[in-house]
Every structure is written in C-alpha cells, then in structure tokens.
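Have a look at the structure below before the remarks.
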Amino acid sequence: MTLTEQLEAVIRKHPGLTESELAKTLYGWQGYAQQVNAACRQLVKLGKIERRGKGYSEPFTYYPVNS
-10 MTLTEQLEAV IRKHPGLTES ELAKTLYGWQ GYAQQVNAAC RQLVKLGKIE RRGKGYSEPF
50 TYYPVNS
C-alpha cells in the first residue's frame, strides 16, 4: 500500500488529524509532519481529501472530501 493510500485510509477513519498526528499514526512516536506533507498535498490536489485551517496559528487538518 502506498503512502497516499495509507493516508487516505487513516483520514477516512480519523478525520480532522493534523500532519503531525497523521505521521505519528503511520510511523509511531518518531513520526513528524514532513514525512506526510507532500502526500497530503498530492491527495488535496487530486480532490481525494480536503485541508482545513490556516497553517501556523490554526494547524491544517485533513478530512475526506465527502465529510
């Protein structure tokens, strides 16, 4: 299973996670946001997930498109 497929599955099961939380879900306590950032952006670009939030002051969170 590719990283994007794994992320999409986690986001569908647990909507509203940040990139850091997604990374920790996939990689354990050593996970960090940069490990999943590009894949999250790719899924957003493909229209499979949506990103909410403003960034630093309000962390980005990810949701399935249909939620």
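Take -10 as the starting number for the sequence shown in our numbering and just add one per residue.
Think of the CB as a built atom: it goes at the ideal place given N, C-alpha and C, for glycine as much as any other residue.
It should be emphasised that the depicted structure is a prediction, and the values quoted were computed from it without experimental measurement.
Each residue's CA atom was taken as its position, placing Cys29 and Pro48 some 14 Å apart. Residue pairing by DSSP places Thr50 opposite Arg41 in a beta bridge. Closest in alpha carbon position to Gly36, among Lys2, Glu(-3), Thr7, is Glu(-3). Taking the Cα positions, Glu8 is about 6 Å away from Val25.
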